[in-house]
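Encoded as structure tokens, the structure appears first; notes follow it.
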Amino acid sequence: MTLKPAEWQLALPLGLAFASLFLAPFLLLFGVSFFNDDQITQPGFGQWIKFFGDPFHYKVIADTLLLGVKTVAATVIVGYPLALVFIDLGPRLQRVLIFIIVMPLLLSVVVRTFAWIVVLGREGVINTLLLHLGVISEPLRLLQTELGLVISMTQIEMPLMLLPLISVMSRIEPNLRDASAALGASRWRTLFTVIVPLSMPGLIAGCLLVFASSTTAFISQSIIGGVRLIYLPLLIWQQSLVVFNWPFAAVTSLALLVSVLSVIAALSYLGRRAGGAIHG
Amino acid sequence: MFNRRSLLTGATALGGASLLPMMAWAKGGLAAGIYPGPWEDAYRAIVQPALKKAYDIDLEFASLFAVDEIAKLKASRGAPPFDALVLDPGPRITAIEGGLLEKFDPKKLTNASKLPPSFLDQWGVCVSAQVVGIAYNPKKVPAPKGWGDLLKDPWVSRLGLSGFQTTFGTVALIELAKVFGGSETNVEPAMVELKKVLPKVAAVGQPAAMPGLFQQGQCDVMFTNTQVVAILKGKGVDIEFVKPETGAIAFYNTFHISKGSEQVENAYKYFDTIISKDVQTALMQPPFSFVPANKEVVLAPDLPLKSLEEFSGFVVHDWAKINPLRAAWIEKFNKDMAK
Amino acid sequence: MGRRQSFADISYGFVIGAIALLAVVIIVTPVIIVVILSFTDHQSLKFPPTGFSLQWYQQLFDESQSRQIHRAAGNTLEVAALSTLFGVVLGTLAALGLARSRSVAARVADSFFLSPLVLPGIAFGLAALMYFTLIGIRPSLGLVIAGHMIVTVPFVVRTTTASLSQLDPALNDSSQSLGASWFYTLRRVTLPLIFPGIAAGAFLAFMASVDNVPVSLFLSTARTDMLPIRMWGMMEATLDVRIAAISGILITAAFLLMLLMEWTVGLTRRMRD
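Chains as they are written, first to last, in the numbering used here: chain Z, 1 to 280; chain E, 1 to 339; chain P, 1 to 273.
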């Protein structure tokens, strides 16, 4: 054990950076929330009472978290099989697949939202295709619906799910899978008894990132979802950049932060238990 | 894309031989907030070289929407990130009430006498006006006559709606409210009527998304200003502007000096350049189509008005009354429209 | 494997393959649309295009027509590169420090480092601008870099922690019981094993920085124009096709990078043989 710094000290530099660059502005935001007026002169709990006294805001919180859950579920269901295919490929095809997986990140959010208008729109790609095939006779309403939003978020968030998942999955010993097969387990059984548990840390990390990202993705939510689907980031944008009621914007931001972080803390706890189970 | 040739001709005509020079942050510098899109393109092409030529001032633009300008001024109180800025009437009131602007002295502008007297006050100078009405796709729907038509077939099922976040959205919804008995301070009738037809409405979107939604055929009717229509039309989009029967809406764009700016003198020179006859004439040409403020400018034929006197025929609103109500309207719109 | 393919195995291949294919379709469709759009001969972002043209790429590369875009792109790349660099160093260290600790303090720190991901960008941008003005720091490129580092480092911390949690602690202990120094163990054992996690995090952080709107909106100045904000204005006001061409170039750059990696990996393999 020579020259070993106490492990926690390694987190100090980032901790200091966070204290000065993140915590300080955050505390300022917290302080601002305790003012009643938008000129930030009269201290009081007025904004907190206004936010939590209105049942509409509880619905918006619930909708926001639910959007996150749906997006996570969709990315896991669609993304996990792709990760399974990935680990069975040779190195060259793996690099091609990685390129495909990171593609959504290469489209700027501005262009990406426009592309989804093109795909989901009334005269869009899906409707044109389905009308042409005779599956439907009237264009489906996809744009500005939650279904359309979740579909587009699945694409946007896929890299956040797959990159951590693949980096963990590709380190699972292939021997373990072979052993499982040699013992007569079907591939389904191997999947659920060997691969899924071992890939848990990556899966949880992916879920965390997708959940955090999809619940705060203001541009995608409001452009693809439209403004009839109301999530917390829309309220924060309206309050901070349209009516300039920053105390109320601060309360709304803190509500989003706390509600999303509590879900994440729960997931994180599960992740550590899963990680602990592997290494005993 | 814009007709680059007319843009370049306009700029060269103004002596912009050194078009868009590399910016040096010299003594003669000025940072100005400007709206993205046609405003920024036009001001970079026309005002920047003109200011350099007339006063040797290096002009730098921060491309921001009005609300973003206010937010940055408010957050950096006293140490403004830009010296001068352009505003819509609503944000202008917010800025005045928030103490974000320096007092303005019209006498310091040499070109002041060339503007209508009402274009100048103690807070700033009006340099252009926007005219708001209805835009529709002539290949898909017949021309609507007035605001009330928007809620009837065939328009309602092709309507793209945006809320009170923008100046044009707010004034359009006020005019819609007036059709059903509302007023400048009462938009409730519009909300009641909208709610009735809501399931039919093609799109309720962010203002930023509307041009894209319109072009892709998601909606074929929306409210917007003449400049947006002119630009989209210039790009081959099927779009026409309609002056509603109750009159098109006009609102003014004003220039101001940020509180705490250290370049106040340069800001006056910047404004003087913008309102000069030559610059105003160049800004009026397509593809930019700015409505001029200088009385000496001969109006171009494709503008929505024939002379500046016609402004009296446009509907104007009192933003000092509207602004205090807007937060509640936005909240109401959220709740009424929410699925 | 000499084992006969059972029905379960066939259904496995079919189901997993079909869903994976669906995933690829979902991922690729918008990308294809944008690439097609970037070659349109139409004057605006209208899909489907009526004809083919390279004019948007020409305009994009033309210095006199796209000077502002070039400047914004330069700023954006500089900010992304530096904020990612700082983020990777600090974030990896922090992950190493916290991953295996079970103390409450470590858990709190772990959530703390994730929180910028959850605080909406607008709120952080606003608060940061207020705070820095308050303590007398004016917006600058340096401040944008610092702000981007804060909002993108969670990606590095998260993916690296995930890789570390999978690492067998016995490896570390055996290396060190064999007399290797802590640093040697880190360099020769730990880092190579968690490299995929760090690389994934770094890539996510870099792209998140390149695409960040809210933090740049508040912390940049008239002289530090950023690309996504410029693109936003181009989209909203004029449906400018150059924004599709910008994405086309990013995709091409990533493709070339992949080929380059392919080539270098092949090269090193040959040299080793």
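Glycine included, each C-beta is placed from N, C-alpha and C at the ideal position.
| Check | Outcome |
| --- | --- |
| Select from the region 8-32 of chain Z all residues with a C-beta closer than 7 angstroms to any C-beta belonging to chain P, and list them in chain order. | Trp8, Gln9, Leu10, Ala11, Pro13, Leu14, Gly15, Ala17, Phe18, Leu21, Phe22, Ala24, Pro25, Phe26, Leu28, Leu29 |
| Determine the chain E residues that contact Z/Ser240 at a beta-carbon separation under 8 angstroms, and present them in chain order. | Ala71 |
| Using the beta-carbon of each residue, which ones in chain P are nearer than 8 angstroms to E/Phe61? | Ala222 |
| Closest by CA to Z/Leu229, which one among Z/Phe86, Z/Leu142, Z/Arg122? | Z/Leu142 |
| Anything in chain P within Cβ reach of Z/Leu256, meaning under 9 angstroms, just list it in chain order. | Val118, Leu119, Pro120, Ala123 |
| Between the region 49-63 of chain E and the region 266-275 of chain E, do three or more beta carbon pairs fall short of 8 angstroms? | yes |
| Thinking C-alpha only, which one of P/Ser53, P/Asp168, P/Met130 is nearest P/Val35? | P/Ser53 |
| In the DSSP assignment, what are the bridge partners of E/Ile257? | E/Ala84 |
| Quick check: the region 114-126 of chain E against the region 62-81 of chain E, are at least 3 beta-carbon pairs closer than 8 angstroms? | no |
| Can you tell which of E/Trp39, E/Gly29, E/Thr246 has the C-alpha that lies nearest to the C-alpha of E/Gly313? | E/Thr246 |
| Whole angstroms is fine: what's the gap from P/Ser174's alpha carbon to Z/Ser170's? | 23 angstroms |
| By Cβ distance below 8 angstroms, which residues in the same chain neighbour E/Val297 in space, the five residues on each side in sequence not counted? | Lys277, Gln280, Thr281, Met284 |
| On the DSSP bridge list, what partners appear for Z/Ala266? | None; Z/Ala266 has no bridge partner. |
| Which of the three DSSP states is assigned to E/Glu245 in this structure? | coil |
| In this structure, how does DSSP classify Z/Asn175 when only helix, strand and coil are distinguished? | helix |
| Note down, in chain order, every chain P residue with its Cβ under 7 angstroms from the Cβ of Z/Leu261. | Ser111, Ser115, Val118 |
| Please confirm if Z/Leu270 has its CB atom under 8 angstroms from at least one CB of chain P. | no |
| Can you give me the Cβ contacts of Z/Leu65 inside the same chain, cut-off strictly under 8 angstroms, excluding the 5 residues immediately before and after it? | Thr215, Ser259, Val260, Val263 |
| Can you tell me whether DSSP reads E/Leu115 as helix, strand or coil? | coil |
| Please identify, using Cβ separations under 9 angstroms, the residues of the region 133-154 of chain Z that lie next to chain P, in order along the chain. | Ile151, Ser152, Thr154 |
| Strictly below 7 angstroms CB to CB, what residues from chain P border Z/Val194? | Within chain P, no residue comes near Z/Val194; the closest Cβ sits about 13 angstroms away, beyond 7 angstroms. |
| Could you name the residues of the same chain whose beta carbon sits closer than 7 angstroms to that of E/Ala26, not counting the 5 residues immediately before and after it, in chain order? | Here E/Ala26 scores only 45 on pLDDT, less than 50, and its place in the model should not be relied on; the value that follows carries that caveat. Asp58, listed in sequence order. |
| With which residues is E/Ile134 paired in a DSSP beta bridge? | E/Phe223, E/Val242 |
| Take Z/Val118 and list the residues in its own chain whose beta-carbon comes closer than 8 angstroms to its own, dropping the five residues that flank it on each side. | Gly124, Val125 |
| With DSSP as the reference, label E/Val204 as helix, strand or coil. | strand |
| So with CB distances below 9 angstroms, who are the chain P contacts of E/Ser258? | Residues of chain P passing the Cβ test: none, with the nearest at roughly 12 angstroms. |
| DSSP on E/Glu331, reduced to helix/strand/coil? | helix |
| Measure from the C-beta of Z/Phe45 to each C-beta in chain P and report whether the shortest distance is under 8 angstroms. | no |
| Any beta carbon from chain E within less than 8 angstroms of Z/Gly280's own beta carbon? | Residue confidence for Z/Gly280 is low, a pLDDT of 34 falling below 50, so the modelled location carries little weight; the figure read from the coordinates is stated next. Chain E, which has no Cβ nearer than 8 angstroms to the Cβ of Z/Gly280, makes this no. |
| State the beta-bridge partners of E/Leu30 as determined by DSSP. | E/Leu59 |
| Using beta carbons (cut-off 8 angstroms, strictly below), is E/Lys235 in contact with chain P? | yes |
| Would the beta-carbon of P/Leu164 fall within 8 angstroms of that of P/Ala99? | yes |
| Under a CB-based cut-off of 8 angstroms, is P/Ile69 close to chain Z? | no |
| So that I know if they touch, is there some Cβ in chain E lying closer than 8 angstroms to that of Z/Ala243? | Per the sequence shown, the amino acid found at residue 243 of chain Z is Val instead of Ala. Taking Cβ atoms only, chain E reaches closer than 8 angstroms to Z/Val243, which makes this a yes. |
| I'd like the list of long-range same chain contacts for E/Gly169, defined as Cβ closer than 8 angstroms, with 5 residues on each side in sequence excluded. | Ser162, Gly163, Pro207, Phe223 |
| May I have the straight-line CA-CA distance separating E/Ala24 from P/Pro139, to the nearest angstrom? | Its pLDDT being 38, under 50, E/Ala24 is placed unreliably in this model, and the value from its coordinates should be taken loosely. Taking the straight line from one Cα to the other gives about 18 angstroms. |
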